[in-house]
Every structure is written in structure tokens, then in C-alpha cells.
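Enquirer:
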Amino acid sequence: MAIGVSLASWPAPTGPAEYPLGEVQPTTVIADMDFPVLKDVQELERERERRLETVPAVVVREDSSSVSAYRKLRWIRDQVETLRARGGDATTGADRSELVLTFSQSTLLSLLLGPRTDELLSQAELLLQEVMQRGYVDMDLAEELAAYPSVRITDLLGSVTIPSDQLMTPDRVGELARSRAVQAGLPAGALADIVLHCAEPNLRLEQGDTKALREEAVASVEPHTRIVRRGEKIIGAHEVITPEVQRVLQSYVYWRGQRGLGIRFWDRTAPLLGDLVLVFVLVGAFVTYLWIHRRPLLERPVDFWLLLVILGSVLLLGGGLVRFLGLPHLLVPISAIAILMTLFFDARLAIATSLLAVFLIGLVADGGMPFVAVIGIGAVVAVLLTPSLRRRTHFYRILGVISGVHLALLAGMSLADAGQFGFFLRGAVASMANPLLATAVVLLLLPISESVFHRSTDLSLLELADLNRPALRRLMLVAPGTYHHSLMVGTLAESSANAIGANPLLARVIGYYHDIGKVGKPDLFRENVQLGRKAPRDRLAPSMSRLILERHVREGVQLGQAERLPREVIQGIREHHGFGLMKEAFDRACLADPKTPPAQYCYPGPRPTSREAALVLLANQVDEVSRELADPTPSRIKRLVHDVVQENLDNANLDESGLTLSDLAQARAAFVSLLTAAHRARAQSRRDRPESRPDPGLEGSRSLGGPRAV
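For the sequence shown, position 213 (counting from the first letter as 1) is numbered 213 according to full-length UniProt numbering, and the numbering increases by one without interruption.
1) Could you name the residues that DSSP lists as bridge partners for residue 715?
2) Starting from Gly257, trace the alpha helix (DSSP H) both ways and give me its first and last residue.
3) Using CA coordinates, which residue listed in Asp63, Leu661 and Gly362 is at the minimum distance from Leu278?
4) Just to confirm the assignment, what range does the beta strand (DSSP E) spanning Ile162 have?
5) How long is the line joining the alpha carbons of Leu446 and Phe586, rounded to whole angstroms?
6) Buried or exposed: Gly93, going by 16 or more other Cβ atoms within 10 Å of its Cβ?
7) Which same chain residues, not among the five before or five after Arg214, have their C-beta less than 7 Å away from its C-beta?
8) If you follow the beta strand (DSSP E) that Thr225 is in, where does it begin and where does it stop?
9) With burial defined as no fewer than 16 other Cβ atoms inside 10 Å of the residue's Cβ, what is the status of Gly700: buried or exposed?
10) In angstroms, rounded to a whole number, what distance separates the CA positions of Leu307 and Asp663?
11) Do Gly189 and Thr117 have their C-beta atoms within less than 8 Å of each other?
12) Going by alpha carbons, who is nearest to Asp346 out of Ile30, Ala502, Pro223 and Ala652?
13) Along the chain, where does the beta strand (DSSP E) that runs through Phe35 open and close?
14) Would you tell me roughly how many angstroms separate the C-alpha atoms of Ala69 and Leu327, rounded to the nearest one?
15) I believe Ala416 touches Ala382 by the beta-carbon criterion, under 8 Å. Please report the beta-carbon distance rounded to the nearest angstrom.
16) With respect to 7 Å, is the separation between the Cβ of Thr676 and the closest non-hydrogen atom of the ligand FAD below this value?
17) Looking only at its own chain, which residues have a Cβ that is under 8 Å from the Cβ of Ile510, when we skip the five neighbours before and after it?
18) So, helix, strand or coil for Lys518, using DSSP?
19) How far does the alpha helix (DSSP H) with Val55 in it extend, from its first residue to its last?
20) Is DSSP giving Val240 helix, strand or coil here?
21) Note down, in chain order, each residue of its chain lying with its Cβ closer than 6 Å to the Cβ of Gly376, except the 5 sequence neighbours on either side.
22) Leu308 lies in the alpha helix (DSSP H); which residues open and close that run?
23) Count the other C-beta atoms from every protein chain shown that fall within 10 angstroms of the C-beta of Val5, then say buried if there are 16 or more, exposed otherwise.
24) Quick one: is Pro504 buried, meaning 16 or more other Cβ sit within 10 Å of its Cβ, or exposed?
25) Could you pull out every residue in the same chain whose Cβ sits closer than 6 Å to the Cβ of Ile637, ignoring the five residues on either side in sequence?
26) Taking the C-alpha atoms as reference points, what is the distance between Ile30 and Pro36?
27) Which word fits Asp515, buried or exposed, when buried means at least 16 other C-beta atoms lie within 10 angstroms of its C-beta?
28) Taking only the alpha-carbon atoms, compute the straight-line gap between Leu315 and Asp366 and give it to the nearest angstrom.
29) Per the DSSP calculation, Thr154 is bridged to which residue(s)?
30) Leaving out five residues before and five after Leu21 in sequence, what residues of the same chain have Cβ atoms less than 7 Å from its Cβ?
31) Name the DSSP beta bridge partners of Met369, please?
32) Please classify residue 713: does DSSP put it in a helix, a strand, or coil?
33) Quick one, which of Gly320, Pro606, Tyr603 and Ala471 has its alpha-carbon nearest Glu563's?
34) Can you tell me whether Glu43 is buried or exposed? The criterion is at least 16 other CB atoms within 10 Å of its CB, across all chains shown.
35) Use the C-beta contact count for Val441: other C-beta atoms within 10 angstroms, 16 or more gives buried, fewer gives exposed.
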């Protein structure tokens, strides 16, 4: 379902191009109907643009504005005549004040004291009439109308079309007034001031009529060039398809489809069915691989959903880039799938998932073989490089290597294709940007997936393995014996995980944190009691000892959850004893009641469900019993490790761990090698210090690194 939704965002493949340009047509094509030959899209757009350039803007003349303009001029004439009759020396009066506020001082002098006032006002009246008749617009409307070649002015008497640059604007009126004034020998500024003061915009743009004219002009452009008649030969057999013939053929296919005479039903559905078959085959092969080799993943819904989220997110992103942004397929960040799957699962599953995505895009979503080759190999390289990640900044090293691989593959394919460097240049930018986008996707999805699915990666495990983490520092300060025991368990588990091919980092981290539940009451555990002192728990009843031992597991899980440890680590804390027997408490209970059932003193489980948790369980017990060896020779250590492993096999503690007998043999060898080296180093250290003398009273219980941890 997730893959189907993701692929739905991809553009539908167009299939092989019909009648490709420059190819030889194998058969003769005869028209079986009349049809028009469609114009090229770009040519049609150019014709429409040229037609739009001839469409005028429609404006309406408003006579009320003209009447108002003439009224203003008459008022000015009346005021001037009145003031001149008074001799122009009146110092009061609202009319004179208004006139003074209307014009500049030079214009007032020309009107009130000039010898040619009547001629000035008459010239202003003539010019104002001309302006209003031609049409007067303000600067805002003038800028809007400048986009049109002409203007159609309509009024009660009809309409007239004039070039848009002949409309009267304030600037043009000012220039015309100054020109007329110079010709008549009148003050230029005064004439311009009077006309501009009186003139009012009397043209209004009709948006609806203008839009209708433009739509009519676009519709008037014929979308076809000529008509092909029924029975007319379009192209003969073995003729080369030219651009003109190709346009006729494409028009023929289009009109046949419009009239229901196009591609047959099978021809239409065959590509879709082919894509569905490819999807089912690819997805089926992937699910079969999971069923055969990774069945536990299918049985864990959380892990399976994580896989689908990683795969679906990248496919959806790729679909958006290709379909909605029109970017090349080479930009789809398949390397993000490779890196995330390697971090969350392993290299084999990462390669399988990456190849699934590559083939889905390359074969179904029309990515092509260049995409399959370049991006597919780049994804494999990403899988191989991801295990070397130790910091989030190391992503940039992978980024550079993948970019280089992409460029090398593109260059090789270009050279193999007779030096088609155009192909190389087109793909170079996308292939170099691909790792950048993949890194961004990984850095975005990685913390979200870790948080939502409670999963860990080697990056987060490395952070948890830092001994300066608050939980480990608290363990070191509060329970130093448990802390050193945990370090040894982590080292043993890591060594054995390396030997059997499990996750050594996860095993080490589980070993570090498996006993953090002891920080609440560290003195109740023997490894934190000083030599020579009796453990407080020895004074408690066996049943109380059992409750204390059970509680340290529960509290460890609670502390792990409070520290937001990954699910695998918390599960390892919960399982690090399995259903093992609490031997010390059980032996003390048997002293009081020999009929005490062993099941009463077993840990509540569950059994280890991962190889790493099982290795921590074995390492925990091996370290405990090895500390009680008085003479830790290699043979005794080997026998001890064998007994621990065999005991857990006998009590079914390892049945759900996934460990094979071969794995256990390799783990035993790793335990023996590490413990032998550790005890040899400690023994050599004691021999190098002659002042150290073993206490005969402690000979039977002395431990190499402190008291036994339980």
C-alpha cells in the first residue's frame, strides 16, 4: 500500500514516443477521416500574443467630469473679473483668499495685473476643451493603459479608437500648455496652472469589456494550419519523419483519440498492466526475500512500519521533485534509503530496499537505465560506507564519495555513447546534488525515526557508549563495583558479538547499562561491598533477597525509560537474566527448607529475544563466576565458560535469542580469550608487587576484580 501511494505521486510513463522525429516510418499512413493539423504549441502562443497586441483597452468617457472642469474655469473667470474691477487691492474676502490658495504668485499676477488676462483665460478655455475632448487620465491609469497599443473611447455618441500615447496626461497637458503659451506670447506657467487646475480625469477603464475583447482575440486565432482530407496519404512507407510530417501524425493521433477512433482498448491498458506486473514482481520478490531471510522483521510491526516509512518518504519526495517541479530523475535521493536502512537494520536489507526503489523508479516511473546504473551503484556505495559513520558530520565524507562515483559513472556512459557530453552535462548537476539532498533527508528522518519508533542506530549507540553519560557517571560514583562489572560485561559482549557477526556496539551498550537498576540500593549487592565485610543482604531472608534481585531489573527498566534509552537497550536490561536461577538466594532457602522449588527463585524473565541481549546474559554470568576462581588457569576458564553456556542451553534461556550452536561456540572462544588475557594481566600485576600477600582466609573467594556481581 505504501509503495502504491508513493508511486501514485509519480508522473505516468508516456510509453514509447509515436512517430519519433528523424526515424524511418515502416508503413504507409493514410488518413481515415478529415482532421485539422494542429499548430505547434509555441507557434500558437506566439500568434495569440501577436493578436493580443492589437486589442485596445475599452474606456468610458464620463461627461460629468467635463462639466465640472468647465465650471471650475468659469468660476476662475468670474473671480478674476470681480477682483480686477476692485482694482486688485482688496485685502479681504473669501473669494480672493481661495483664488490666492489655488495658484502660484506668478499666475496670480498674470491673472490680476497682467495686460492680457482675457486672452489668457480664453486660451485656457480652448485648451481645456481640447484636453477633455481627447480624454484626460491621471498618471496611474495612464501607466495601466500604456500596456495596450490603443484605447477605444466610448460615450453616448459612439466610440473612437486612438493610440494610447495620444491620451492627455498631466505631463502632456503641461507640455501642450507651455507650447501654446509660447506661440501666443502668453505666460507659459500661468496657462499650464489654469488648465491643470480645471481638468478632471474623464476616462474610466472598463475591465470586463477589455477582458472580453482579449478573450475574443485569443479565440479568433485558429489552432490549426490546414485540413487533411480522408484518404489523403500522410506519410509513405520507408520515408523519414520530418518535423512537418510529425506534426500531422501527432494531430492525426490526437483527433482519432478525441473521436473515439484512437488507440485500441488493449493498447491503452497494456502499458498500465505492464507497470502493475512490474510492481507486483518487484514488490513480491522483495517480500519473498523478507519472508525467507528476514522473517522476524515481518513479525515485528514497528520495524516493518519503519521500513515502509523510509521507503515511502523517499519515493513521495522523488515524485514531488519529478512531477511537480519537473526536475530530473537523477535527483531522487535513493542514497537516503541506503544510509537509513543500513543504520537501522543492516547492509543486506539496505541493498535490497535500495534496489527495490531503484527498479521501481527506473522501470515503472520512467527513470531509465541511466538512473538505474548511476543511482543504483551510488546507493550500493552508500551502504558500504555507512558502517564507517561515527559522527553525524561524517555524512559529508560519504556525500563527497557518492558524488564522485556518480560523476565517474556519468562520464563513462557519455564516453561509451560516442562522446555524448551533452548527456554528461545535463546529469552532472543533478547527480552531484543528489547526495546533498540525500544527506538532508537522512539528517531530517534519522532523529524523527529514532524517537517515533524507539530504535537505535550506531550513531546514537556511540553517544550512549560515552562513559560520561549521566547514568554511567552516577553508576560509577554510587556503585563502583557494579560499574566495573558493567564495563567488563560490555567488553565481553562486544568481543563475542564481533565473533558471531552480531551488532558489537549494541551489545556493548546493553552491557554498560544492564545493571543501572542497582544505583538505588548499591550496598545490597555484593560487588559494591568492601573486601572483608559482610554484605547487608546476607542478613536478610532469602525471600527478601529474591525481591531485591527482581527489583533491580524493574528499576533498571524504569531508569532506562527515564533516560530515553532505545528500545533494544531497555529490552536488553529487562532480559539480561532471562529465567535464570538466583543461586545464592536459592541455596540459602534450601538450607532452611530443602523442599524449596527452584522456580520460586528464578528471575521473572523474559528470555533474551536478540543475539546481543543473549550475549550480555552470558557475559554477565561468565564475569560473575570467573571472579570466584582462585586459580584462573586457561583450562579452568574454558571449563567455566562452557558450563555457563551449557546451563543456559539446558534451561532454555537462549531459545528465543536466535543464537545457533555455531554462534555459541564462537562466543565461548571469545569469552575464553578475553578472560584469559585479563586474568593473566592481573596475575602478572600481583607478581610484580611483592608487598601484596594473599590472605589465606580469602583464598577460596578472592575475585580478580572485586566480589562477585549478582
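By construction, the Cβ of each residue, glycine as well, lies at the ideal position given by its N, Cα and C atoms. For clarity, every value in this text was computed on a predicted model and none was experimentally measured.
Expert: Well, looking at it:
1) In this structure the chain extends from 1 to 710, so residue 715 is not present and cannot be described.
2) Element bounds for Gly257: Pro243 to Gln258.
3) Selected option, being the one with the closest Cα: Gly362.
4) Going by DSSP, Ile162 is part of the beta strand (DSSP E) stretching over Gly158 to Pro163.
5) Each residue's alpha carbon lies about 46 Å from the other.
6) Bear in mind that a pLDDT of 48 at Gly93, under 50, signals an unreliable position, so the model cannot answer this.
7) Leu52 and Val55.
8) Counting along the chain, the beta strand (DSSP E) containing Thr225 begins and ends at His224 to Val228.
9) Only weak support exists for where Gly700 lies, its pLDDT of 37 falling under 50; the value from the coordinates is given anyway. Gly700 should be labelled exposed.
10) Distance between the alpha carbons of Leu307 and Asp663: 27 Å.
11) In this structure, Thr117 does not lie closer than 8 Å to Gly189 by Cβ.
12) Of the listed residues, the one whose Cα sits closest to Asp346 is Ala502.
13) Run containing Phe35: Phe35 to Leu38, per the beta strand (DSSP E) assignment.
14) The C-alpha of Leu327 is placed about 60 Å away from the C-alpha of Ala69.
15) The beta carbons of Ala416 and Ala382 sit about 24 Å from each other, so the pair does not count as a contact at 8 Å.
16) With respect to the ligand FAD, the structure shown offers nothing to examine, as it has no ligands at all.
17) Here the set comprises Gly490, Ala493, Glu568, Val569, Gly572, Ile573, His576, Glu612, Ala613 and Val616.
18) Lys518 falls in the helix class under three-state DSSP.
19) No alpha helix (DSSP H) holds Val55; DSSP gives it neither H nor E.
20) If DSSP states are grouped into helix, strand and coil, Val240 belongs with the strands.
21) Within the same chain, Gly376 has close Cβ partners Val358.
22) Unbroken alpha helix (DSSP H) run through Leu308: Pro301 to Gly319.
23) Bear in mind that a pLDDT of 42 at Val5, under 50, signals an unreliable position, so the number given afterwards is only what the model happens to contain. Counting the other Cβ atoms within 10 Å of the Cβ of Val5 gives fewer than 16, which makes it exposed.
24) So Pro504 counts as buried.
25) Only Val672, Leu675 and Thr676 meet the Cβ criterion.
26) If I take the Cα positions, the gap works out to 14 Å.
27) Counting Cβ neighbours within 10 Å, Asp515 comes out buried, since at least 16 surround it.
28) If you take the alpha carbons of Leu315 and Asp366, they lie about 13 Å apart.
29) For Thr154, which the question treats as bridged, DSSP gives the partners Val60 and Ser159.
30) For Leu21, where only same-chain residues beyond five positions count, the Cβ hits under 7 Å are Ile241, Pro243 and Gln246.
31) None, per the DSSP bridge assignment.
32) Residue 713 cannot be examined here, being either before or after the span of the chain that is shown, 1 to 710.
33) When only C-alpha atoms are compared, the closest one is Ala471.
34) It counts as exposed.
35) Buried, by the Cβ-count rule.
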